[in-house]
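Student:
Number of protein chains: 2
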Amino acid sequence: MSTSADTPHLPPRRAPAAAVAGLIADCLAAAGLARADAETVAALMAEADLTGADGHGVFRLPQYVRRLRAGGFNRAPAITVTRTAPATALVDGDNAMGHLVVRRAAETAIDIARETGVAWVGVRRSNHAGSAGLYAEMPTHHGMVGIYSAVASANHMAVWGGKDLLLGTNPLAIAVPTGAGPMVLDMATTVVSYGTVKKHTLQGLPLPDGWLVDRDTGEPITDPAKSANGLLLPIGGYKGAGLSLMLGLLAGVLNGAAFGRDCVDFNADDVTVTDTGQFVAAIDIDRFVGRDRFVAEIDRHLADLRASARLPGVDAIRLPGDRRRDCRAERSAAGIPVPAALVAALDGVAAELGVTPLFGR
Amino acid sequence: MSTSADTPHLPPRRAPAAAVAGLIADCLAAAGLARADAETVAALMAEADLTGADGHGVFRLPQYVRRLRAGGFNRAPAITVTRTAPATALVDGDNAMGHLVVRRAAETAIDIARETGVAWVGVRRSNHAGSAGLYAEMPTHHGMVGIYSAVASANHMAVWGGKDLLLGTNPLAIAVPTGAGPMVLDMATTVVSYGTVKKHTLQGLPLPDGWLVDRDTGEPITDPAKSANGLLLPIGGYKGAGLSLMLGLLAGVLNGAAFGRDCVDFNADDVTVTDTGQFVAAIDIDRFVGRDRFVAEIDRHLADLRASARLPGVDAIRLPGDRRRDCRAERSAAGIPVPAALVAALDGVAAELGVTPLFGR
Numbered sequence: 110m111s112t113s114a115d116t117p118h119l120p121p122r123r124a125p126a127a128a129v130a131g132l133i134a135d136c137l138a139a140a141g142l143a144r145a146d147a148e149t150v151a152a153l154m155a156e157a158d159l160t161g162a163d164g165h166g167v168f169r170l171p172q173y174v175r176r177l178r179a180g181g182f183n184r185a186p187a188i189t190v191t192r193t194a195p196a197t198a199l200v201d202g203d204n205a206m207g208h209l210v211v212r213r214a215a216e217t218a219i220d221i222a223r224e225t226g227v228a229w230v231g232v233r234r235s236n237h238a239g240s241a242g243l244y245a246e247m248p249t250h251h252g253m254v255g256i257y258s259a260v261a262s263a264n265h266m267a268v269w270g271g272k273d274l275l276l277g278t279n280p281l282a283i284a285v286p287t288g289a290g291p292m293v294l295d296m297a298t299t300v301v302s303y304g305t306v307k308k309h310t311l312q313g314l315p316l317p318d319g320w321l322v323d324r325d326t327g328e329p330i331t332d333p334a335k336s337a338n339g340l341l342l343p344i345g346g347y348k349g350a351g352l353s354l355m356l357g358l359l360a361g362v363l364n365g366a367a368f369g370r371d372c373v374d375f376n377a378d379d380v381t382v383t384d385t386g387q388f389v390a391a392i393d394i395d396r397f398v399g400r401d402r403f404v405a406e407i408d409r410h411l412a413d414l415r416a417s418a419r420l421p422g423v424d425a426i427r428l429p430g431d432r433r434r435d436c437r438a439e440r441s442a443a444g445i446p447v448p449a450a451l452v453a454a455l456d457g458v459a460a461e462l463g464v465t466p467l468f469g470r
Numbered sequence: 110m111s112t113s114a115d116t117p118h119l120p121p122r123r124a125p126a127a128a129v130a131g132l133i134a135d136c137l138a139a140a141g142l143a144r145a146d147a148e149t150v151a152a153l154m155a156e157a158d159l160t161g162a163d164g165h166g167v168f169r170l171p172q173y174v175r176r177l178r179a180g181g182f183n184r185a186p187a188i189t190v191t192r193t194a195p196a197t198a199l200v201d202g203d204n205a206m207g208h209l210v211v212r213r214a215a216e217t218a219i220d221i222a223r224e225t226g227v228a229w230v231g232v233r234r235s236n237h238a239g240s241a242g243l244y245a246e247m248p249t250h251h252g253m254v255g256i257y258s259a260v261a262s263a264n265h266m267a268v269w270g271g272k273d274l275l276l277g278t279n280p281l282a283i284a285v286p287t288g289a290g291p292m293v294l295d296m297a298t299t300v301v302s303y304g305t306v307k308k309h310t311l312q313g314l315p316l317p318d319g320w321l322v323d324r325d326t327g328e329p330i331t332d333p334a335k336s337a338n339g340l341l342l343p344i345g346g347y348k349g350a351g352l353s354l355m356l357g358l359l360a361g362v363l364n365g366a367a368f369g370r371d372c373v374d375f376n377a378d379d380v381t382v383t384d385t386g387q388f389v390a391a392i393d394i395d396r397f398v399g400r401d402r403f404v405a406e407i408d409r410h411l412a413d414l415r416a417s418a419r420l421p422g423v424d425a426i427r428l429p430g431d432r433r434r435d436c437r438a439e440r441s442a443a444g445i446p447v448p449a450a451l452v453a454a455l456d457g458v459a460a461e462l463g464v465t466p467l468f469g470r
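From first to last, the protein sequence lines are chains A and B. If you want my numbering, it's the position in the first sequence, counting the first as 1, plus 109. If you want my numbering, it's the position in the second sequence, counting the first as 1, plus 109.
#1: What does a CB cutoff of less than 7 angstroms around B:A152 pick up in its chain, not counting 5 residues either side in sequence?
#2: In terms of residues, what are the limits of the alpha helix (DSSP H) holding B:T225?
#3: Distance cutoff 7 angstroms, beta carbons only. Does B:L462 sit that close to anything in chain C?
#4: Where does A:D201 fall in DSSP's three states?
#5: List the residues of chain A that B:K335 touches, going by C-beta distances under 8 angstroms, in chain order.
#6: Starting from A:R192, follow the beta strand (DSSP E) in both directions and report where the run begins and ends.
#7: Assuming A:P317 and A:P333 form a contact by the criterion Cβ under 8 angstroms, report the distance between their Cβ atoms to the nearest whole angstrom.
#8: Any idea if A:G226 is buried or exposed, counting beta-carbon neighbours within 10 angstroms, 16 or more meaning buried?
#9: To which residues does DSSP link B:Q387 through a beta bridge?
#10: Please classify A:P356: is it buried, with 16 or more other beta-carbons within 10 angstroms of its beta-carbon, or exposed?
#11: Return the Cβ separation of B:G361 and B:G386 in integer angstroms, given the expectation that the two are a contact with Cβ distance under 8 angstroms.
#12: If distances are taken between C-alpha atoms only, which option among A:L363, A:S262, A:M292 comes closest to A:L275?
#13: In chain A, what lies closer than 8 angstroms to B:H250 by C-beta?
#14: Measure the CB-CB distance between B:D456 and B:P466 and report whether it falls below 7 angstroms.
#15: Can you find a CB in chain A that lies within less than 7 angstroms of the CB of B:I407?
#16: Using the beta-carbon of each residue, which ones in chain B are nearer than 7 angstroms to A:L275?
#17: Alpha carbon to alpha carbon, how far is B:A245 from A:Q312?
#18: Just verifying my parser: in three-state terms, what is the DSSP assignment at B:L359?
#19: Under the assumption that B:H208 contacts B:V150 (Cβ atoms under 8 angstroms), give the Cβ distance between them as a whole number of angstroms.
#20: Do you know how far the Cα of B:G277 is from the Cα of B:D145?
#21: Please state whether DSSP places A:P120 in a helix, a strand or coil.
#22: Under 6 angstroms Cβ to Cβ from B:V174, same chain only, skipping five residues before and after it: list those, please.
#23: Have a look at B:R370, B:V398, B:K272 and flag the residue whose alpha-carbon is nearest the alpha-carbon of A:A367.
#24: Nearest chain A C-beta to B:L341 closer than 7 angstroms, yes or no?
#25: From the DSSP output, read off the bridge partner residues of B:M253.
#26: Quick one: does A:G327 have its CB under 7 angstroms from some CB of chain B?
#27: Does any CB atom of chain B fall closer than 7 angstroms to the CB of A:N364?
#28: Use the C-beta contact count for B:V306: other C-beta atoms within 10 angstroms, 16 or more gives buried, fewer gives exposed.
#29: Counting along the chain, where does the alpha helix (DSSP H) carrying A:G131 start and finish?
#30: With a threshold of 7 angstroms between beta carbons, is B:M110 in contact with chain A?
#31: Taking 7 angstroms as the cut-off, decide whether the C-beta atoms of A:G181 and A:V380 are in contact.
#32: Residues bridged to A:L342 by DSSP?
#33: Going by CA-CA distance only, name the one from B:A196, B:D431, B:D374 that's closest to B:H265.
#34: Would the region 178–193 of chain A count as touching the region 153–165 of chain A if we require 3 or more Cβ pairs under 8 angstroms?
#35: If you drop the 5 nearest sequence neighbours on each side, which residues of the same chain put their C-beta closer than 7 angstroms to that of B:V211?
#36: DSSP three-state label for B:V423, please.
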């Protein structure tokens, strides 16, 4: 794919979310996905773009189309849900696109938790599902807390002290309802995502100390040209490495899905089944302190946090999900920014599939 | 309390775990706790010492005795468990010592999860419960994954960018069974615990950059004499601050327990009810991939991680819980090390309560 480094002088163009979702749905359908499934994935990818998770939106379309056409995704999957106990279920994704599988898992968790107070839904034989925050957020619209994690779709981290690529950025997302809408924490267990490193690398920007270390020397990598030999660093050193490991065991091994050396790097391989594991948990707030009191108390506490005296040089307190919420408002109004190089790549995909291009909609 | 800084030349003495537990039980009983409750707390505190959580073992005895005698703990609590849904419960601690309340919550979670596959048990009106790992570990002995978190019993952190003390080190513990026994991740959401800072401060050791920043300047504090004006730093910057916030909402607000400005600093105040919130979740592995396959797969992956090539200067790969397991073996055989200053403090407590001192057992 061409990159934004090719055309640094052009500002991104803006496309309405509906046009972005329309392009994605048309391309996925043209690549063989059922129309309804294509629209489901498109809506989730456009939502990722709206909420600022740029690495999980339309940016992924060329790769997803490639994998669909190469047979790496099952284009006509039979996703099955097995209720394994009153409060648990195991979803077998049948190698579908991850968005379809995890959305189903989240819906299942919400349905079960309404009955049993909490639900834990594991996922196997799934794929990359994009923005973690999307799935943690779903239960909040039903008065529930949502928790999501996944085995990342490539290993860019090592065990603490090691250099073999055996761990991923395994994200954790936790979401709660507040008076101003969902508050979503969506974090990788690494200091930055590999996508952020790639963005810097493509633009030739120096990498801040603390992002990557060299696999051979253990020294920080700040030269973007050397990033391919790097290991992503976990947050909090051994703590983040341990958290990534534990989340990987819960999202992967507990569900009989891939982990560690069995993980497939889906960025480098369009064909091999990834057997991605994820989980979604939902907790019904009405079985605890109750929805109204919960939201009122959270709002009171968040107001305290926002009103906190600030350290020198800090112009405003930002809480988890603030950027996401602001971004959604701005982009809903002004459109989703699409860098020129990505426009070109999307035009190529659209032409190949005989689909109306993004800026012809 | 006198400190190890007073007597830096004396090595710690070693006491058998049974003697430590006996001293704790006798002191707590003499301070008014029912004998059975005193023994329950003593066993958990001695286990914290055995597993290397020195800040949560017999070190806490003088403070706990002080709070019991001051009426800050309910010496004759009626802990109640309300099953709020098939898979959830809310435990009201009636201001008991936290160990009693959270052990009850973990037992409840195990019982419920056996029926429903997963259980989420919230806790309100509890207190400081010591080592987080203890409670996450309990479900592993029943073929389950255990998860525990708590609102810390003092605020030593600010919201990201802020300087008001509104957040705590809110720990997260996750435990799974392995072939070699439980693997326990037990981490604060701060780079270090406040206990570690205090230890350095008492010994006059410089503080590494990255532990604390000065509340007024935002600059790192490395001079231990200035630690009182410091804010603990979260792991991964805004990520750890967000994780602490979310865990606090789940352990505190969801259960109707204290959070944020309502938190009582129980190190500074022996009387005020803390209304501490915690939660324990248990997930029955047999409702997912099954216990035998889970353990076999984890052992295979852990062997891969341990065999990883190492970064320069690293002599061995250490996984979560390794230190804990090794420490338990060594201290079970050789005894629990008790610094001279702590021996003196414990002797003072024992004398005051008319109890046999630690090294008279």
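We treat Cβ as the ideally placed atom computed from N, Cα and C, and that holds for glycine.
Tutor: Judging by the given coordinates:
#1: Residue numbering aside, residue 152 of chain B sits at position 43 when the second sequence is read from its first letter. Around B:A152: A130.
#2: Position 116 of the second sequence, counting from 1, holds the residue named residue 225 of chain B. Taken as a continuous stretch (DSSP letters only), the alpha helix (DSSP H) holding B:T225 covers 207–225.
#3: The structure shown contains no chain C; its protein chains are A and B.
#4: Residue 201 of chain A sits at position 92 when you count from the first residue of the first sequence. Note: A:D201 maps to strand in three-state DSSP.
#5: Counted from its first residue, the second sequence places residue 335 of chain B at position 226. At a beta-carbon threshold of 8 angstroms, none of the residues of chain A lie near B:K335; the nearest stands roughly 16 angstroms away.
#6: For the purposes of this step, residue 192 of chain A is identified with residue 83 of the first sequence, where counting begins at 1. 189–194 is the extent of the beta strand (DSSP E) around A:R192.
#7: As a first step, residue 317 of chain A must be located in the first sequence, where it is residue number 208. As a first step, residue 333 of chain A must be located in the first sequence, where it is residue number 224. Not quite, the Cβ-Cβ distance comes to about 11 angstroms (not below 8 angstroms), so this is no contact.
#8: The residue labelled residue 226 of chain A in the question sits at position 117 within the first sequence. For A:G226, the number of other beta carbons within 10 angstroms of its own is at least 16, and it is reported as buried.
#9: Position 278 of the second sequence, counting from 1, holds the residue named residue 387 of chain B. Paired residues: B:V232, B:A259.
#10: Along the first sequence, read from residue 1 onward, the residue named residue 356 of chain A stands at position 247. For clarity, residue 356 of chain A is Leu in the given sequence; the question names Pro instead. A:L356 is buried by the Cβ-count criterion.
#11: On the second sequence, position 252 is the one that residue 361 of chain B refers to. On the second sequence, position 277 is the one that residue 386 of chain B refers to. The Cβ separation is near 4 angstroms, so the contact holds.
#12: On the first sequence, residue 275 of chain A is found 166 positions in, with the first residue counted as 1. A:L275 has its Cα closest to that of A:S262, out of A:L363, A:S262, A:M292.
#13: Residue 250 of chain B sits at position 141 when you count from the first residue of the second sequence. Simply none; closest approach about 17 angstroms.
#14: Mapped onto the second sequence, residue 456 of chain B falls at position 347. Mapped onto the second sequence, residue 466 of chain B falls at position 357. Taking the C-beta atoms as reference points, B:P466 is found nearer than 7 angstroms to B:D456.
#15: On the second sequence, position 298 is the one that residue 407 of chain B refers to. It does: the Cβ of B:I407 has a partner Cβ on chain A nearer than 7 angstroms.
#16: Numbered from its first residue, the first sequence carries residue 275 of chain A at position 166. Per Cβ cutoff of 7 angstroms: D413, L414, S417.
#17: Taking the second sequence and counting its residues from 1, one reaches residue 245 of chain B at position 136. Taking the first sequence and counting its residues from 1, one reaches residue 312 of chain A at position 203. A straight line joining the alpha-carbon of B:A245 with that of A:Q312 spans about 45 angstroms.
#18: Translated into the one-based positions of the second sequence, residue 359 of chain B becomes position 250. B:L359 falls in the helix class under three-state DSSP.
#19: Position 99 of the second sequence, counted from the start, is the residue given in the question as residue 208 of chain B. Position 41 of the second sequence, counted from the start, is the residue given in the question as residue 150 of chain B. Your pair B:H208 and B:V150 checks out as a contact, with CB atoms roughly 4 angstroms apart and the cut at 8 angstroms.
#20: On the second sequence, position 36 is the one that residue 145 of chain B refers to. On the second sequence, position 168 is the one that residue 277 of chain B refers to. The identity of residue 145 of chain B in the sequence shown is Ala, whereas the question assumes Asp. The alpha-carbon separation between B:A145 and B:G277 amounts to approximately 31 angstroms.
#21: For the purposes of this step, residue 120 of chain A is taken as residue 11 along the first sequence, with counting starting at 1. Reduced to three states, the DSSP call for A:P120 is coil.
#22: Indexing the second sequence from 1 puts residue 174 of chain B at position 65. The beta carbon of B:V174 lies closer than 6 angstroms to those of C136, A140, V458 in the same chain, with the five residues before and after it left out.
#23: Residue 367 of chain A sits at position 258 when you count from the first residue of the first sequence. Measuring from the Cα of A:A367, the nearest candidate turns out to be B:V398.
#24: As a working mapping, residue 341 of chain B is identified with position 232 in the second sequence. It does not; no Cβ of chain A falls within 7 angstroms.
#25: Numbered from 1 along the second sequence, position 144 holds the residue referred to as residue 253 of chain B. B:D393.
#26: Your numbering for residue 327 of chain A matches position 218 in the first sequence. So yes, A:G327 belongs to the interface.
#27: Indexing the first sequence from 1 puts residue 364 of chain A at position 255. Chain B, which has a Cβ nearer than 7 angstroms to the Cβ of A:N364, makes this yes.
#28: For the purposes of this step, residue 306 of chain B is taken as the residue at position 197 of the second sequence. By the neighbour-count rule (16 or more Cβ atoms within 10 Å), B:V306 is buried.
#29: In the first sequence, counting from the first residue as 1, residue 131 of chain A sits at position 22. First-last of the alpha helix (DSSP H) with A:G131: 126–139.
#30: In the second sequence, the residue the question calls residue 110 of chain B occupies position 1. Bear in mind that the predicted position of B:M110 carries a pLDDT of just 39, short of 50, making it unreliable; the figure below should be weighed with that in mind. Not closer than 7 angstroms to any Cβ of chain A, the Cβ of B:M110 fails to qualify, so no.
#31: Residue numbering aside, residue 181 of chain A sits at position 72 when the first sequence is read from its first letter. Residue numbering aside, residue 380 of chain A sits at position 271 when the first sequence is read from its first letter. The beta carbons of A:G181 and A:V380 sit closer together than 7 angstroms.
#32: Along the first sequence, one-based indexing puts residue 342 of chain A at 233. In the DSSP output, where bridge partners are listed per residue, A:L342 has none listed.
#33: The count along the second sequence starts at 1 and reaches residue 265 of chain B at position 156. Ranking B:A196, B:D431, B:D374 by Cα distance to B:H265 puts B:D374 first.
#34: With contact defined as three or more Cβ pairs closer than 8 angstroms, the region 178–193 of chain A and the region 153–165 of chain A are not in contact.
#35: Here residue 211 of chain B refers to the residue found at position 102 of the second sequence. Result list for B:V211: V232, S235, A238, Y244, Q387, V389, in chain order.
#36: Translated into the one-based positions of the second sequence, residue 423 of chain B becomes position 314. Coil at B:V423, not helix or strand.
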